[in-house]
Amino acid sequence: MITRRTLALGSTGLAAASLASVRPTLADNEPIRIGWLAALTGPSSAPAIGFDRGVHQAVDTINGQGGVNGRKIELVVRDTQGDPTKAVNAVQEMISRAQVHAIWGPTNSGEALATTPIMARFKMPDVHPCFVDSLIDPARFPTAFRMAPSNSQIDEAVSDYGINKLKLKKFAVIGDTTGYGTTTVNSSSASFGKRGAEVVYKGTIDATTPDVTPDMLRMRDAGAQAIVVWTVSTGLISRLMNTRANMGWDVPFLGHPAMGSGEVGKLIAKPANWDKTYILGFKNCSYGPDGKLPQKVQAFVDSVQGKIDFADTTLWWVLAGVDAIDLIAGAVRETGSTESSKIVDYWNTLHDYPGLFATYTFSKDQHNGMPQSDLVMSEANSQKQGAYKLAPGYG
Amino acid sequence: MIAAILTSGLALGAVYALMGVVYNVMFAASRVMSFTTGQLGMLGGVLGAAFIGVLGLPTLLGFTLTLVCCALVGVVTELVAVRPVLHKLEQHLYVLSTLALALMIQQVAAIEWGTEPRPFPHLFGIGGGGATDEKFWLPVLACAATIGGLELLFRRTLVGRAFLAIAEDNFAARALGLPERNLRIASYALAGAIGGLAGFSSGQLLLAFFANGAMLNFYGFVPVALGGLGSNRGAVASGLALGVVQQAANFTLGGVFASVAVFVIFILTLLAAPQGLFGVAQQRRV
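Right under this line is the structure:
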C-alpha cells in the first residue's frame, strides 16, 4: 500500500536521482573557459595582435568541429596594454570571477614576472611564450609552461650559428642601454665564451645615438669578425647597418629578430645595407632552400589564406597562438576534465607533441617545451608573409 | 678620426645650439623655461617627414608648413601653458604647465605618427655618410641662418628692438606703450619656428621619432646653462662645443663614459663660471 510517507520518500529519492543525473550533464556541457592575457593595445601590442589571430583561428576551428568532447571553448580576453599592473588585475579577475580553466599568456616577460606567482598560488594552468629564464621553475611555479625559447636557448642558438656555421672566432656583442640590452649583452657574451670564442668588444649604445661610427670603429679596431646585436630599437639597428655600409666594412650582424622588422627596411639608406644580417628564427617558420615552409605549416598557411593576414605580423606569433589553444584543448580532450591538476599532469607527460610552431616536450622537472633544435637563424631581409628564409649554412 | 668627430660633432652641436636659442627666445619674452622646447624640435622632424615623405608635398611647401605648424604650437604654448601662470612666476608653476603640455604633444605624436622612428626624406640627394652628407651640414646651415637672422632682427628692425626692450625690462617697456602681450606671442611663434627648423634640418640625423623631444630638451638646456641664460651667442658657442666634446668622448671613451665626460665638463664649467661663459653676473640690491 502506498502511504503518504512512502510517497514523500519516493518523490525525494526521484528528485535526488534526477539531480544526480543532471549534474554530470551540466559539467559535460559547460564551456571550456580559456583566459587570454593579451596586450592588444599599447606600444608592445604587435606580438599580441599576431597571437590573437592564431588564437581565434584555433578556437573557431575547434568549436566548428563541435568543441572538445562536446564542450565549446569560450575565450575570456583581457587587454593588459602591456602593463604588469593591469595584467595582475586581469589574472585575479579571470580566476575569481570568470573562473577560467587555463590561461594563455601574458605574452611579454614584464607582465609574466608579475602574474606567474599569482597563477602558481591559485594552481592555474598557464602556457606562455615569454623568454626570461626565471619564469620557468617547476618547483616554484608548477603550473607554468613555456612554449617559446628561453633567453639562454636564444643565446645558444646565436653563438652556435656564429661559431659553428659561420666558422668565426672573434665577436663584438652590443645592445642598447635598456635593462634588456644590458643583461642580454652579458648573457650572450658568456654563451660565446663558453663555446671557446673570443668576445673582443662588449658594449651598450643609447638607442637614440644619432651617429654610431665611433662604436663601429672600435669594434673594427678590436678585430671583430661579426657583430651580435641585442636591441629592439629599429632606429639603432638601421644606423648600425648604414654605418657599416658607409665604412665599407663587410661584417655580418647576428642577433635579435627585430633586425628583420619591416621598419628597418624603411630606415636603411639602400636595400643592400640589409644584407649579411642573420636573426634568430624558428625551424617551422622558415622557408627552406626550396622556398617552402615545412609541409604541415605550409598546409596551415594555405588553409587560412584570406582569413588571416600575415603581411603585417610574423608567422610564429600566429602559429604559437594556435598551438596554445590546441595544448589546452588537447589536455581537456585526453583527460576528459578541466581540473587544474589533470591539465598540468597531462602537460607533464607530453613528449614530442607536434605543434605548428614547434615540437613540444614537457616533463615534471622541465617546463621549457621548445627543443633547441627548433631554433635556427634566418636572413633578416627575406621576410615574406611573416616568415623568413633560412640563413646560409643550413642544409 | 678628427674629421669624423668634427663633422658629426658640429652637426649635433648645431642642433643643441638651436634648442638653446629656442629656450632663450621664450625666456626673454616671459622669464619662463619651457619644457615644450624639445617637443618643437621633435615636431620639426615628424611634420617634415609627414608633409614631404608621406604626403609627397614639394620640399619648400613642406618646409614652410612645418615652420608654420611649429610656430602655432609655440603660440599655443604661450596661451595654454605660460600666460595662465605668468602672475605666479615665483612659484615656478610653469614647470608643471609646460611639462604637461610637452607630454601631451609627445603622446599625440606617438598616437598619430607611431612609436617607431621613421625615415626623413633626403632633401638634396647628397648622401654617402661622409662630411659632405647633407644630414651633417644642414643643421649647421640652419644654425648659421638662424643666428644671422636673429642678429638682423634684433639689431636692424624696430620689432627686434621691441623684443629686446621687453627682454630687458618688461615693466618699463609696457610703460613706454609697447604691446607686451603681442610681442610675447610673437616671441613664442618665433621660438616655435626655430624649434621646427632645428628638427627639420636634423631630421635625417635624428630620424622622425616621437621620443626625440626629451633628448633635445635635455641637451638643449646644457648650452643655455653653459652659455649664460638669455645669451644666444653663448648658446651657439656652447652648443657647438658640446656637440664636438660629446663626439670626441664617444670616439675616445665610448658608451656611457661619453655622457659622463660631457657632464663632468658641464659641472666643472658651472663651478668656475656660475653665470655661464657668456652670461653676466646679476646684481642684487642689498
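Residue numbers (this note's numbering), protein chains in the order written: chain X, 1 to 395; chain U, 396 to 681.
Backbone N, C-alpha and C fix where the C-beta goes; we use that ideal spot for every residue, glycine too.
Quantities reported herein were computed from a predicted structural model and do not represent experimental measurements.
Under the three-state DSSP convention, the category residue i falls into
{"i": "X:S238", "result": "helix"}
{"i": "X:K292", "result": "coil"}
{"i": "X:G203", "result": "strand"}
{"i": "X:Q99", "result": "coil"}
{"i": "U:P514", "result": "coil"}
{"i": "X:T25", "result": "Interpretation of X:T25 is limited by its pLDDT of 47, a score under 50 that renders its predicted location unreliable; the figure taken from the coordinates is listed afterwards. Helix, per DSSP."}
{"i": "X:A144", "result": "strand"}
{"i": "X:I268", "result": "coil"}
{"i": "X:V427", "result": "Residue numbering for chain X in the displayed model covers 1 to 395; residue 427 of chain X lies beyond these limits and cannot be assessed."}
{"i": "U:D564", "result": "coil"}
{"i": "X:A366", "result": "The sequence shown places Gln at residue 366 of chain X, not Ala. In this structure, X:Q366 counts as strand in the three-state DSSP scheme."}
{"i": "X:F253", "result": "strand"}
{"i": "X:R195", "result": "coil"}
{"i": "X:I174", "result": "strand"}
{"i": "X:V132", "result": "coil"}
{"i": "X:D126", "result": "strand"}
{"i": "U:F446", "result": "helix"}
{"i": "X:P354", "result": "strand"}
{"i": "X:V77", "result": "strand"}
Chain X contact for residue i (CB, 8 Å cutoff)
{"i": "U:L536", "result": "no"}
{"i": "U:P516", "result": "no"}
{"i": "U:R576", "result": "no"}
{"i": "U:S596", "result": "no"}
{"i": "U:F652", "result": "no"}
{"i": "U:A656", "result": "no"}
{"i": "U:F646", "result": "yes"}
{"i": "U:A399", "result": "yes"}
{"i": "U:S582", "result": "no"}
{"i": "U:G524", "result": "yes"}
{"i": "U:G649", "result": "yes"}
8 Å Cβ cutoff, residue i in contact with chain U
{"i": "X:A172", "result": "no"}
{"i": "X:A90", "result": "no"}
{"i": "X:D221", "result": "no"}
{"i": "X:R97", "result": "no"}
{"i": "X:P294", "result": "no"}
{"i": "X:G67", "result": "no"}
{"i": "X:P257", "result": "no"}
{"i": "X:P47", "result": "no"}
{"i": "X:T178", "result": "no"}
{"i": "X:R244", "result": "no"}
{"i": "X:P31", "result": "no"}
{"i": "X:D83", "result": "no"}
{"i": "X:D211", "result": "yes"}
Cβ neighbour criterion (16 or more within 10 Å) applied to residue i
{"i": "X:D323", "result": "buried"}
{"i": "X:P24", "result": "Residue placement at X:P24 is poorly supported in this model, since its pLDDT is 45, which falls under 50; the coordinates still yield a value, given next. Exposed: under 16 other Cβ atoms inside 10 Å."}
{"i": "U:P453", "result": "exposed"}
{"i": "X:M370", "result": "buried"}
{"i": "X:T204", "result": "buried"}
{"i": "U:R513", "result": "buried"}
{"i": "U:F519", "result": "exposed"}
{"i": "U:G590", "result": "buried"}
{"i": "X:V22", "result": "Only weak support exists for where X:V22 lies, its pLDDT of 43 falling under 50; the coordinates are left without a value."}
{"i": "U:L553", "result": "exposed"}
{"i": "U:G587", "result": "buried"}
{"i": "U:V617", "result": "buried"}
{"i": "X:K86", "result": "buried"}
Chain A residues whose Cβ lies nearer than 7 Å to that of residue i
{"i": "X:G235", "result": "In the displayed structure, chain A is absent; the protein chains listed are X and U."}
What are the residues in the region 439 to 457 of chain U lying within 8 Å of chain X by C-beta distance?
From the region 439 to 457 of chain U, no residue has a Cβ closer than 8 Å to chain X.
Using a Cβ-Cβ cut-off of less than 7 Å, list which residues of the region 323 to 356 of chain X approach chain U; keep chain order.
Residues: none.
Taking only beta carbons into account, state which residues of the region 603 to 634 of chain U come closer than 8 Å to chain X, listed in chain order.
For the region 603 to 634 of chain U, the beta-carbon criterion of a distance under 8 Å to any beta-carbon of chain X is satisfied by F604, A606, N607, M610.
Name the residues in the region 99 to 133 of chain X whose C-beta lies less than 8 Å from a C-beta of chain U; which are they?
Here the close residues number zero.
Near-chain X residues of the region 407 to 438 of chain U (beta-carbon distance less than 9 Å), N- to C-terminal order
Of all residues in the region 407 to 438 of chain U, L407, V410 have a Cβ within less than 9 Å of some Cβ in chain X.
Taking Cβ-Cβ distances below 7 Å as the criterion, which residues of the region 259 to 276 of chain X are in contact with chain U?
Here the close residues are E263, K266, L267, A269.
Report yes or no: do the region 605 to 614 of chain U and the region 489 to 508 of chain U share at least 3 C-beta pairs separated by less than 8 Å?
Judged by Cβ distances under 8 Å, the region 605 to 614 of chain U makes contact with the region 489 to 508 of chain U, as three or more pairs qualify.
Below 8 Å, can you find three or more Cβ-Cβ pairs linking the region 275 to 285 of chain X to the region 375 to 387 of chain X?
In this structure the region 275 to 285 of chain X touches the region 375 to 387 of chain X; the number of beta carbon pairs closer than 8 Å is three or more.
Short of 7 Å Cβ to Cβ, which residues in the region 180 to 203 of chain X face chain U?
When C-beta distances to chain U are compared with 7 Å, the residues of the region 180 to 203 of chain X below that value are G203, in chain order.
The region 473 to 493 of chain U: positions lying closer than 9 Å to chain X by Cβ:
From the region 473 to 493 of chain U, no residue has a Cβ closer than 9 Å to chain X.
Decide yes or no for the touch test of the region 571 to 582 of chain U against the region 404 to 411 of chain U: beta carbon pairs closer than 8 Å, at least 3 of them.
Not touching, per the Cβ criterion.
Would you call the region 589 to 604 of chain U in contact with the region 429 to 440 of chain U, where contact means no fewer than 3 C-beta pairs closer than 8 Å?
Yes: at least three Cβ pairs fall under 8 Å.
Taking three-plus beta-carbon pairs below 8 Å as touching, is the region 326 to 334 of chain X in contact with the region 285 to 294 of chain X?
The way I'd put it, the region 326 to 334 of chain X doesn't touch the region 285 to 294 of chain X; fewer than three beta-carbon pairs between them come closer than 8 Å.
Touching or not, the region 631 to 639 of chain U and the region 561 to 577 of chain U, by the rule of three or more beta carbon pairs under 8 Å?
Two segments are said to touch when three or more pairs of C-beta atoms, one from each, lie closer than 8 Å; by this definition the region 631 to 639 of chain U does not touch the region 561 to 577 of chain U.
Mind the definition here: the region 336 to 348 of chain X touches the region 246 to 255 of chain X only if three or more C-beta pairs lie below 8 Å; say whether that holds.
Put simply, the region 336 to 348 of chain X does not touch the region 246 to 255 of chain X. Fewer than three CB pairs are less than 8 Å apart.
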